[in-house]
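Engineer: First the structure, which I've put down as structure tokens, then a few questions once you've had a look.
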Amino acid sequence: MARILAHEINHLPYDDDSSNLDIIEIDAASNNGVDDIRALREKAQVAPVSAPKKVYIIDEVHMLSKSAFNALLKTLEEPPEHVVFILATTDADKLPATILSRVQQFFFRPIPTEIMTRQLMNIAKKEGFAIEEDAAKLIAERSRGGFRDGISMLDQLSILATPDQPLTANMVTEYLGLSDATMLGNLLDSYPSDDNEKVLNIFQELENSGANSIIVSHQLLSIARNRLRKNPNLIGLVQQLIEVDRHPHPDLKLLTIFMNSNSQPTEKPVAPKKNIAQAATQKPAEKPTPIKSAEPAKPTEKPIEKEEKPAEPAKKPAAKPKKTDAPLELNWEKVIERAKEKSLGLASLLQKSQWSFDGEKLTIYAGSAFYKKKLDDAKNKPLISEIISEETAMDLEIDIIGEKKPPEDEKLAEIAELMGGGEEVKLEDI
27 MARILAHEIN HLPYDDDSSN LDIIEIDAAS NNGVDDIRAL REKAQVAPVS APKKVYIIDE
87 VHMLSKSAFN ALLKTLEEPP EHVVFILATT DADKLPATIL SRVQQFFFRP IPTEIMTRQL
147 MNIAKKEGFA IEEDAAKLIA ERSRGGFRDG ISMLDQLSIL ATPDQPLTAN MVTEYLGLSD
207 ATMLGNLLDS YPSDDNEKVL NIFQELENSG ANSIIVSHQL LSIARNRLRK NPNLIGLVQQ
267 LIEVDRHPHP DLKLLTIFMN SNSQPTEKPV APKKNIAQAA TQKPAEKPTP IKSAEPAKPT
327 EKPIEKEEKP AEPAKKPAAK PKKTDAPLEL NWEKVIERAK EKSLGLASLL QKSQWSFDGE
387 KLTIYAGSAF YKKKLDDAKN KPLISEIISE ETAMDLEIDI IGEKKPPEDE KLAEIAELMG
447 GGEEVKLEDI
């Protein structure tokens, strides 16, 4: 497209083999230094040989270094009258704002699958080989809207076709390392369900066939997108599949997406909202329930009086949890293990954090405002609540602080008492 635009600017006819001395192509991936840009600036001062304009096409411009961008900036602000720059990129977000503010931007949308499928079939017909519509559709879907990638795949696959044998969907699937569409359809049908065995069997078959997890996620995205109108509930699955590309362990991420959907915790959270102090006060009242002494009236009064006595000291734990050791009520290592099953990133953040637990509220000390923001975002905070609920079978208050955990003055006081007491001495008194 950049070449066509360059020829149109100079009013020149264009074909694939055409070349012109005044249309210069530069690969920014291999010419990304300051010296390369300085050489370009010097050559740009020279007038064009024959065309009205000298056009520089810089491909993958986002690959330029920061210093190279700074060197190019002045030339972009005040280019010579006979020079036109065409900056091509597949990742415009990586371009500095100073560059974007000085250029005119044109965004190319991905080509729809249906249009690319028809065009690929027309190209195959002109090249003298046949291709099935399903095969062309697979190539179009795999290229993800990039027409150049689609043509490149078709060119590679054309060697498999013969005058008597068209290019089939099975050939494309095997050559591109795609997984069986029927198998992936069955996997989507199992979302969500309680058939974990079925999910594990499908993933075992995918692993045995050498399937690539990222390619599988792309195929699942394509199938799920086509099913969204009939099943809007798949929107949550689509959002999770998009994250597979960026995950350090895409195979595990893909498996946990479907396994988590099949094992949602519904039994433990059913318990009414209680804190641990309330649960402790109720335990003594549950033990003495003798049925044999229900007939006589007098014996039944004494157990009731005895039950009331332990109920009074049971009030003390309501104020005491602050002094109890947190590990007795909450196992932080198990919390981290549960977090690893749901999100490795969250588990890493929790490992770096300190914590305290007073029986009613869990306080997490993130250590900095940056880590607090990570833990407190819309994705991680609900996961933390879910993990703590699974571990304790209760809904607890969770407070995240962007500082390090303060020293435990109570423990220091206990040590001082064991050492024989003493007075607190401040530096000001010395």
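Its first residue numbered 27, the sequence shown is counted upward by one per residue in this note's numbering. By construction, the Cβ of each residue, glycine as well, lies at the ideal position given by its N, Cα and C atoms. All values reported here derive from a predicted model rather than from experimental measurement.
Would the region 92 to 108 count as touching the region 62 to 69 if we require 3 or more Cβ pairs under 8 angstroms?
Structural biologist: Cβ pair count under 8 angstroms is three or more, so yes.
Engineer: Unbroken alpha helix (DSSP H) runs of length 4 or more, entirely within the region 169 to 249: which are they?
Structural biologist: 173 to 183, 195 to 201, 207 to 215 and 222 to 234, all fully within the region 169 to 249.
Engineer: Return helix, strand or coil for Leu113, following the three-state DSSP convention.
Structural biologist: Reduced to three states, the DSSP call for Leu113 is strand.
Engineer: For Ile391, which three-state DSSP category applies?
Structural biologist: It should be pointed out that residue 391 corresponds to Tyr in this sequence rather than to Ile. Note: Tyr391 maps to strand in three-state DSSP.
Engineer: Taking the alpha helix (DSSP H) that Gln145 belongs to, which residues open and close that run?
Structural biologist: Element bounds for Gln145: Thr139 to Glu153.
Engineer: Do the CB positions of Leu214 and Leu246 come within less than 9 angstroms of each other?
Structural biologist: In this structure, Leu246 lies closer than 9 angstroms to Leu214 by Cβ.
Engineer: Which of the three DSSP states, helix, strand or coil, is assigned to Tyr397?
Structural biologist: Tyr397: helix per DSSP, three-state reduction.
Engineer: If you pair each beta-carbon of the region 180 to 199 with each one of the region 233 to 240, do three or more pairs fall below 8 angstroms?
Structural biologist: Flag = no, the region 180 to 199 and the region 233 to 240 do not touch.
Engineer: Could you tell me if Phe383 is buried or exposed, where buried requires 16 or more neighbouring beta carbons within 10 angstroms of its beta carbon?
Structural biologist: Buried, by the Cβ-count rule.
Engineer: Going by the CB atoms, is the gap between Ile414 and Leu375 shorter than 9 angstroms?
Structural biologist: It is not a contact, given that the beta carbons lie outside the stated cut-off.
Engineer: So Ile283 packs on Gln265, CB below 8 angstroms; how close in whole Å?
Structural biologist: The pair is not a contact, with the Cβ atoms about 10 angstroms apart (cut-off 8 angstroms).
Engineer: Let me make sure I understand the geometry here. Which of Glu412, Glu429 and Ile157 has the alpha-carbon closest to that of Glu423?
Structural biologist: Comparing Cα-Cα distances from Glu423 to each of Glu412, Glu429 and Ile157, the minimum goes to Glu412.
Engineer: For Glu167, is the classification buried or exposed, using 16 other Cβ atoms within 10 angstroms of its Cβ as the cut-off for buried?
Structural biologist: By the neighbour-count rule (16 or more Cβ atoms within 10 Å), Glu167 is buried.
Engineer: Let me know the secondary structure DSSP gives Ala305 once reduced to three states.
Structural biologist: Since pLDDT at Ala305 reaches only 44, below the 50 mark, its modelled position is unreliable, and the value read off the structure follows with that caveat. In this structure, Ala305 counts as helix in the three-state DSSP scheme.
Engineer: Taking the DSSP output, what are the residues bridged to Tyr82?
Structural biologist: Answer is Ile50 and Phe111, bridged to Tyr82.
Engineer: Report yes if the C-beta distance between Glu271 and Ser248 is below 9 angstroms; otherwise report no.
Structural biologist: The amino acid at residue 271 is misidentified as Glu; the sequence shows Asp. No, they are not a contact pair.
Engineer: How many Å lie between Ala54 and Ile112 at the Cα?
Structural biologist: Their backbone Cα atoms lie some 12 angstroms apart in a straight line.
Engineer: So, are the CB atoms of Glu140 and Pro192 less than 9 angstroms apart?
Structural biologist: In this structure, Pro192 does not lie closer than 9 angstroms to Glu140 by Cβ.
Engineer: Classify Glu423 as helix, strand or coil using the three-state DSSP reduction.
Structural biologist: Strand, per DSSP.
Engineer: Would you say Met147 and Ser169 are within 9 angstroms of each other, going by their C-beta atoms?
Structural biologist: In this structure, Ser169 does not lie closer than 9 angstroms to Met147 by Cβ.
Engineer: Quick check on the burial criterion: 16 or more other C-beta atoms within 10 angstroms. Buried or exposed for Asp48?
Structural biologist: By the 10 Å Cβ count, Asp48 comes out buried.
Engineer: Can you look up Gln377 in the DSSP assignment and give me helix, strand or coil?
Structural biologist: Helix, per DSSP.
Engineer: Between the alpha carbons of Ile35 and Ile50, how many angstroms are there, rounded?
Structural biologist: Their Cα atoms are separated by approximately 13 angstroms.
Engineer: In chain order, what residues of the same chain have a beta carbon less than 7 angstroms from the beta carbon of Ala162, not counting five sequence neighbours either side?
Structural biologist: Correct list, in chain order: Thr143, Leu146 and Met147.
Engineer: Could you give the DSSP three-state label for Phe383: helix, strand or coil?
Structural biologist: Phe383: strand per DSSP, three-state reduction.
Engineer: Can you give the Cα-Cα distance for Asn252 and Gly211, rounded to whole angstroms?
Structural biologist: In a straight line, the C-alpha of Asn252 is about 11 angstroms away from that of Gly211.
Engineer: On the criterion of 16 or more Cβ atoms from any shown chain inside 10 Å, does His275 qualify as buried, or is it exposed?
Structural biologist: Classification for His275: exposed.
Engineer: Roughly how many whole angstroms lie between the Cα atoms of Ile177 and Phe134?
Structural biologist: Taking the straight line from one Cα to the other gives about 17 angstroms.
Engineer: Count the other CB atoms within 10 Å of the CB of Lys152; is the residue buried (16 or more) or exposed (fewer)?
Structural biologist: Flag for Lys152 reads exposed.
Engineer: Report buried or exposed for Ile83, applying the criterion of at least 16 other Cβ atoms within 10 angstroms of its Cβ.
Structural biologist: By the neighbour-count rule (16 or more Cβ atoms within 10 Å), Ile83 is buried.
Engineer: Tell me whether the beta-carbon of Ala114 lies closer than 9 angstroms to the beta-carbon of Leu126.
Structural biologist: Not closer than 9 angstroms, so no.
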